[in-house]
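Using my numbering, you'd call the opening residue of the sequence shown number 2 and step up by one each time.
Think of the CB as a built atom: it goes at the ideal place given N, C-alpha and C, for glycine as much as any other residue.
Predicted, not measured: the structure shown is a model, and the values here were computed from it.
Notes to accompany the following structure.
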Amino acid sequence: MEVYHIFRPLRPCFIILLLCKMPYMSKTQTNFLTSPVGKTLFLKSLPMFLGIFASIAYNLVDTYFVAKLGTQQLAAMSFCFPVVMIILNLMMGISTGVNSLASRAIGAKEHAHATDIAKKGLQFTFLSSLCISLIGLLTIEPLFYFLGADESLMPFIKDYMIIWYLGVVFMNMSIVGNSIFRAKGNVFYPSMILILGAALNAILDPILIFGWGPIPAIGIQGAALTTVLGNALSAYLIFTKLGRNEQIPFTSIFTSFDFSVVKKILVIALPTALANSLTPVSTAFTNKVLVSYGNAAVAANSIATRVETVPFIAIFALASVIAPFIGQNWGANNHTRIREGIKKSFLFSHLLGIGCALLFILQRASISAFFDQSPQVVEITSLYFSMIPLTYGLLGTVFLTTHAMNAVGKPFFGNLLSAARLIVIYLPLALLLNTYSGIEGIFLARFIANTLVGTLASVLTYRTFFKKPAVATETT
């Protein structure tokens, strides 16, 4: 079956993850506070890299098999994607808030309070998931008609979204549950869960979509059901370990509701969710401008942005680790370790950026032709890779700064930088430069936005963590 060809890239993830397991078997709650900074960040980031890679593969598997059903099914899933991403970004914001508060409490040795934060975060996630599910089920038709779907796509959209909404609680609980483990310094278990979810998706997708033996083919419903089952497995594994090792049983979500804790979570969650949601808005805007130059321009931009996602997996992994690292050390007043961690993280970002810039600039035509040999697509993609990779190092510092500011309970400035890069600088500048320089002007606008905001992020980080002795705010 084709599933084995898709499952094959995940096998190295399992092997490397098992090799990484030993450093995480002890002192998972103290490594961030006592172990050598560089070694700790590297060893913690590696499993997260594998987990994030598996998550990307998880989404590609769905797209691959749904595409085989036909153009209408793939188009229907494309309409579902923005709605799914908005809800996902909201939950990622909540997980960031829980991670920030809990890691600072752990650093301050307030472990009982950290456990209470985790419980209240999961409780709020469960209640909000029920609301999302109910509202989503009642608004499928009006929402997707508003988004532009026509009558021919609506049956497929409903087939997918009804099942997805019914199982959204599993996705949300697993996202926030994973953040609790990361706050405690345990990144091995969340990474393992991400990889297991991707593996289950790869196995079940073709079986449920196309049928196998006595199992009937259920088409796009199979893709949704596979996603729900993968998330359900993740949620089960998370709550099993939380109940056994962290004294956070599933029944804790049914205890009395405390909005005072939830309010502190939302102070971090809402700006983070809003900033994250601007990325698909920016992508949609770019495509709308590029389409005036033909489908080749849109395809070229899609190829370039997807390719550059691969090296940024390393930055995303490091950012997911630097947040609890800074949070715990902020709570423990270990500001020297925070500064060392930031220095090493920024250095890694710039070294990675230099390496990727050299690779993409020197091999830009070959990379473009690998995906599409159309001369126009190759030309436009090559133009992108001759400019934007030069800003990767600075762009990485933007992501790292945002996570660092969230970690110490200062989400406004970090997320404001992310919003400014896309909305305040890039979008207006792209419209202006497009008038004078065409496609090159659009790419130049992105180059300028990345450079300016990356520089501002470095200044903000310096003023927050280096200019004067930092004073830890309250851990909650």
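Task: Helix, strand or coil at Ile-249 [DSSP, three-state] - done: coil
Open item on the list: Going by DSSP in three states, Ile-316 sits in which element: helix, strand or coil?
Closed with: helix
Open item on the list: Distance check for Phe-313 and Cys-81, CA to CA, integer angstroms please.
Closed with: 25 Å
Open item on the list: As a quick exercise: from Ala-76, Leu-144, Ile-176, pick the residue whose alpha carbon is nearest that of Leu-123.
Closed with: Ile-176
- [ ] Give me the Cβ distance between Ala-103 and Ile-194, rounded to the nearest whole Å; I'm assuming they're in contact under 8 Å.
- [x] With 8 Å as the limit, Ala-103 and Ile-194 do not qualify as a contact, their Cβ atoms being about 18 Å apart.
Task: Option nearest Gly-186 by Cα separation, candidates Pro-83, Phe-349, Ile-343, Ala-106 - done: Ala-106
Open item on the list: Rounded to the nearest angstrom, what separates Pro-207 and Leu-360 at their Cα positions?
Closed with: 36 Å
TODO: Return the chain-ordered list of same chain residues with a C-beta closer than 8 Å to the C-beta of Leu-271, the five sequence neighbours on each side being excluded.
DONE: Gly-94
TODO: Taking the CB atoms as reference points, tell me whether His-351 and Gly-415 lie closer together than 7 Å.
DONE: no
TODO: Look up Trp-213 in the DSSP assignment and give the residues it is bridged to.
DONE: Ile-216
Task: Which of helix, strand or coil DSSP assigns to Pro-281 - done: helix
Task: Spatial neighbours of Leu-201 in its chain, beta-carbon cut-off 8 Å, leaving aside the 5 residues before and after - done: Thr-227, Leu-230, Gly-231, Leu-234
Open item on the list: Using 7 Å as the threshold, is the C-beta distance between Val-170 and Ser-130 below it?
Closed with: yes
TODO: Please determine, among Val-99, Ile-88, Glu-152, the residue with the shortest C-alpha to C-alpha distance to Gly-137.
DONE: Ile-88
Task: Exposure label - Ile-216; buried when at least 16 CB within 10 Å - done: exposed
Task: Test item: CB-CB of Tyr-385 and Ala-300 under 7 Å - done: no
Open item on the list: What does the alpha-carbon distance come out to for the pair Gly-98 and Gly-214?
Closed with: 46 Å
- [ ] Look at the alpha carbon of Ile-266 and the alpha carbon of Gly-328, and state the distance between them as a whole number of angstroms.
- [x] 14 Å
Open item on the list: Quick test of your reading: Ile-269 and Leu-70, contact by CB under 8 Å. State the CB separation rounded to the nearest angstrom.
Closed with: That pair is no contact at about 40 Å.
- [ ] Please name the residue, chosen from Leu-417, Ala-298, Leu-453, that lies closest to Ser-383 on a Cα-to-Cα basis.
- [x] Ala-298
Task: Cβ shell of Leu-461 (< 8 Å), same chain only, five flanking positions each side left out - done: Thr-402, Met-406, Phe-414, Gly-415, Leu-418
Open item on the list: Please state whether the Cβ-Cβ distance between Thr-1 and Ser-321 is less than 7 Å.
Closed with: It is not possible to answer for residue 1, since the shown part of the chain is limited to 2 through 477.
Open item on the list: Less than 7 Å between the C-beta atoms of Arg-340 and Asn-330, yes or no?
Closed with: no
TODO: Tell me whether Leu-384 sits in a helix, a strand or coil according to DSSP, three-state version.
DONE: helix
- [ ] Could you have a look at Glu-111 and say whether DSSP puts it in helix, strand or coil?
- [x] coil
Task: Cβ neighbours of Thr-280 in the same chain (closer than 8 Å, five flanking residues each side left out) - done: Leu-423
- [ ] Sort Gly-295, Phe-125, Leu-243 by Cα distance to Asp-259 and report the nearest one.
- [x] Phe-125
- [ ] Within 10 angstroms of the Cβ of Pro-325, are there 16 or more other Cβ atoms? Answer buried if so, exposed if not.
- [x] buried
- [ ] Take the Cβ of Lys-45 as the centre, count every other Cβ of all protein chains shown within 10 Å, and call the residue buried at 16 or more, exposed below.
- [x] buried
Open item on the list: Please report the distance separating the alpha-carbon of Phe-251 from that of Ser-192.
Closed with: 21 Å
Task: Nearest candidate by alpha-carbon position, reference Asp-160, set Ala-225, Phe-145, Ser-134, Ala-119 - done: Ala-225
Open item on the list: Within a Cβ cutoff of 7 Å, which residues of the same chain sit near Glu-441, ignoring the five residues on either side of it in sequence?
Closed with: Leu-384
Task: Residue from Gly-168, His-112, His-114, Pro-156 whose Cα sits closest to the Cα of Val-133 - done: Note that residue 133 is Ile in the sequence shown here, rather than Val. For Ile-133, the nearest C-alpha among the options comes from Gly-168.
Task: Assumed close pair Ser-56, Ala-199 - CB separation to whole angstroms, cut-off 8 Å - done: 7 Å
Open item on the list: Are the CB atoms of Leu-154 and Ala-218 within a distance shorter than 7 Å?
Closed with: no
Open item on the list: By alpha-carbon positions, which one of Phe-467, Ile-443, Arg-307, Arg-183 ends up nearest to Lys-289?
Closed with: Ile-443
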